[in-house]
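Below is one structure, written out as structure tokens; comments come after it.
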Amino acid sequence: MKKSKKEISKKQKKEAIIAILMVIIAVGGTFAFLGILRVTLKTDNPLVVVTSESMVPTIDVGDLLVIQGKEPAEIENGTIILYDSRGLWPNRYVEEPIVHRIVDKYLNDTDGKWYFITQGDNNSDTDPPDGAFGTEIAVPEDRVIGIVKNIIPKIGMVKIWMDDTPWLSTFILIGLSIALLISIVWDLTHPEEEDEDKNKEKEKELEEKSNIESEEKSEVDLGI
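Now the structure itself:
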């Protein structure tokens, strides 16, 4: 039976709504996933992409790091940590958190805090790098974001590429959004040609089958 235009229209609207819901779920699912990671790993920065060569060959540019929060007293020497250095080094400002290895630690009796001496595996000096200010500066425990739990090689190169070419990544995202919008509008305003073609093919097959059966019946009646 051939579908009416009203039935086709209802189905098109339903499919368009499903497509929109899938996009919303995909975006919302990403934020939900990050939220779950924050709670599970006990840190606000559970995933970090490396953009510096200071930890080569242990960690390379483009590697994705899984960060886990940990009590300062439980962090041992040799552990790789992620920490915030903003305002920690005089006359040197680094926006992004730093991933370096702990080479020494001590408990300050004055404030009761743990302090960590850090250094990049690819650096010749302890932090601050390159011997700045002529002395090392320890990282207080309240600057430690977490420890490096896992290293996933090179998967973060996509993010680096998007950061380096924001105009191109923005253009691609806009293009995909427009393509999705056009597809939804098209489905809402045009008949389902594909379904109609399938119905026509099915009707043709049934007609051919009927003709063959009629011919066979005629041959039997004639005694052939």
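Numbering that gives the first Met the number 0 puts the last residue of the sequence shown at 223; the count rises by one with no breaks.
C-beta atoms are modelled at their ideal positions from N, C-alpha and C, and glycine is treated no differently.
A quick note: this is a predicted structure, and the numbers were derived from the prediction, not measured.
Should residue i and residue j be called a contact, given that it needs their Cβ atoms to be closer than 7 Å?
i      : j      : result
Thr57  : Gly145 : no
Ser84  : Val98  : no
Pro139 : Lys104 : no
Ile74  : Asn44  : no
Asn122 : Val55  : no
What is the rounded straight-line gap between the Cα of residue i and the Cα of residue j?
i      : j      : result
Val147 : Gly34  : 18 Å
Leu87  : Glu70  : 21 Å
Tyr52  : Ile181 : Looking at the sequence itself, residue 52 is Glu, so the reference to Tyr does not match. Each residue's Cα considered, the two are about 43 Å apart.
Ala72  : Trp160 : 38 Å
Ile154 : Thr117 : 26 Å
Arg37  : Ile101 : 23 Å
Leu64  : Gly174 : 30 Å
Asp59  : Asn90  : 27 Å
Thr50  : Asp62  : 8 Å
Val48  : Glu95  : 10 Å
Leu81  : Pro128 : 15 Å
Thr134 : Gly68  : 28 Å
Ala31  : Val143 : 24 Å
Asn149 : Tyr114 : 23 Å
Asp141 : Asp110 : 12 Å
Asp108 : Asp124 : 26 Å
Leu40  : Ile177 : 37 Å
Starting from residue i and walking both ways along the beta strand (DSSP E), at which residues does that stretch end?
i     : result
Leu81 : 79–82
Ile66 : 63–67
Val47 : 46–48
From the beta carbon of residue i, is the nearest beta carbon of chain D less than 7 Å away?
i     : result
Val98 : Any reference to chain D falls outside this structure, which holds one protein chain only.
Spell out the partners DSSP gives residue i in its beta bridges.
i      : result
Tyr114 : Tyr105, Pro139
Asn149 : Val65
Arg91  : Its beta-bridge partners do not exist; DSSP assigns none.
Val98  : Leu81
Answer with buried or exposed for residue i, where buried requires no fewer than 16 other C-beta atoms within 10 angstroms of its C-beta.
i      : result
Leu205 : exposed
Val219 : Because Val219 sits at a pLDDT of 45, beneath the cut-off of 50, its placement in the model cannot be relied upon, and the point is left open.
Ile79  : buried
Pro152 : exposed
Leu106 : exposed
Val157 : exposed
Gly119 : buried
Ala137 : buried
Asp126 : buried
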